[in-house]
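Residues in the sequence shown are numbered consecutively from 9, following the numbering used here.
Note that CB positions come from ideal geometry on N, CA and C, so glycine has one too.
Being a predicted model, the structure only gives us computed values, none of them experimental.
What follows is one structure encoded as structure tokens, with my remarks underneath.
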Amino acid sequence: MRDLELNKRQDQILQIVKENGPITGEHIAEKLNLTRATLRPDLAILTMAGFLDARPRVGYFYTGKSGDQLLSEKLQKILVSDYQSRPVVVNENVSVYDAIVTMFLEDVGTLFVVDQNSILAGVLSRKDLLRASLGNQELSALPVNIIMTRMPNITVCRKEDLLTDVAMKLIDRQIDAIPVIRETEAGFEVIGRITKTSITRAFVSLGNAE
9 MRDLELNKRQ DQILQIVKEN GPITGEHIAE KLNLTRATLR PDLAILTMAG FLDARPRVGY
69 FYTGKSGDQL LSEKLQKILV SDYQSRPVVV NENVSVYDAI VTMFLEDVGT LFVVDQNSIL
129 AGVLSRKDLL RASLGNQELS ALPVNIIMTR MPNITVCRKE DLLTDVAMKL IDRQIDAIPV
189 IRETEAGFEV IGRITKTSIT RAFVSLGNAE
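Take a look at the structure:
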């Protein structure tokens with residue numbers, strides 16, 4: 009996280025605010041023998057990063073939060089909807105062979121299986137398809153609903169869920185992807201997916217945010 013890599017002047021500003029806060033920008037500048045304009049970018053960075061807070065006609069004060077605390081707070085604001093991607097679905101009546109082709113063409117590790125009403129019925133992983141292909145069965149005649157993981161044994165999430173909570177589900181269940189669903193009278197409609205790649209993208213974006 010970049011906001012931990014403060015330069016020397018920013019460290020000096022933090023120390024001054026810790027010892028004298030609340031303190032105005034003008035007084036900080038006086039203590040460092042610099043102009044207010046010179047300090048303005050540093051104060052903006054420290055405020056946006058969460059190390060400092062500012063109140064009109066009062067000045068700057070130290071929030072008392074460590075870099076780890078600030079990172080945790082930012083993580084707790086990231087929702088599934090911020091990083092969900094397009095789901096790849098197949099009908100429950102398609103063959104295992106067709107599912108393998110779809111997985112290869114779409115370059116995904118998990119397929120979501122839906123019924124004739126486009127409602128979530130199951131999940132197919134690479135392991136499921138590999139296990140089926142190792143048998144002596146005719147893959148083009150074997151429907152995916154025979155080998156898929158069925159409801160209610162499917163881990164799901166909603167777009168308003170915290171991304172950190174979904175990350176824990178991925179770890180706990182040892183799975184690669186979770187469907188993002190919307191509840192309807194007929195059942196769960198698949199509207200997106202969260203994968204381990206989604207989680208990684210979120211952390212990289214957070215690290216590059218400052």
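Check your understanding: Going by DSSP, what residues sit across from R158 in a beta bridge?
Key -> To locate residue 158, count along the sequence shown from 1; it is residue 150. DSSP output for R158 lists G130 as bridge partner(s).
Quiz item: Which one or two residues does DSSP pair with F120 in a beta bridge?
Solution: Here residue 120 refers to the residue found at position 112 of the sequence shown. DSSP lists V97, V131 as partners of F120.
Worksheet entry | Bridge partners - T203, DSSP secondary structure assignment | For the purposes of this step, residue 203 is identified with residue 195 of the sequence shown, where counting begins at 1. The partner list for T203 (beta bridge, DSSP) reads A185.
### Message
Please determine whether the Cβ atom of S148 lies at a distance below 8 Å from any heavy atom of the ligand GTP.
### Response
Within the structure as shown, the ligand GTP is missing, as the structure has no ligands at all.
N- and C-terminal bounds of the alpha helix (DSSP H) containing D90: Indexing the sequence shown from 1 puts residue 90 at position 82. Taken as a continuous stretch (DSSP letters only), the alpha helix (DSSP H) holding D90 covers 88–91.
For this session: Specify, as a first and last residue, the run of the alpha helix (DSSP H) that R17 falls within.
Result: To locate residue 17, count along the sequence shown from 1; it is residue 9. Residues 16–28.
Give me the residue from I86, Q84, T32 with the minimum Cα distance to D61. Taking the first residue of the sequence shown as position 1, residue 61 is located at position 53. Comparing C-alpha distances from D61 to each of I86, Q84, T32 shows the shortest one belongs to T32.
Checklist entry - Is it true that the CB of A210 sits closer than 9 Å to the CB of I86? => result Position 78 of the sequence shown, counted from the start, is the residue given in the question as residue 86. Position 202 of the sequence shown, counted from the start, is the residue given in the question as residue 210. In contact: I86 and A210 (Cβ atoms closer than 9 Å).
Checklist entry - Between the stretch 123–134 and the stretch 161–174, are three or more C-beta pairs nearer than 8 Å? => result yes
Original post:
So is D50 buried or exposed if we call it buried at 16+ other beta carbons inside 10 Å?
Top reply: Locating residue 50 in the sequence shown gives position 42, where the first residue counts as 1. So D50 counts as buried.
Less than 8 Å between the CB atoms is what I'm expecting for S93 and G200, so what's the real figure, rounded?
-> Position 85 of the sequence shown, counting from 1, holds the residue named residue 93. Position 192 of the sequence shown, counting from 1, holds the residue named residue 200. That belief holds up - the Cβ atoms of S93 and G200 are roughly 6 Å apart, short of 8 Å.
Have a look at D180, I183, V96 and flag the residue whose alpha-carbon is nearest the alpha-carbon of F120.
On the sequence shown, position 112 is the one that residue 120 refers to. Closest by alpha carbon: V96.
- Message: Between which two residues does the alpha helix (DSSP H) holding L113 run?
- Response: One-based indexing of the sequence shown puts residue 113 at position 105. Looking at the DSSP string, the run of the alpha helix (DSSP H) that includes L113 is 104–114.
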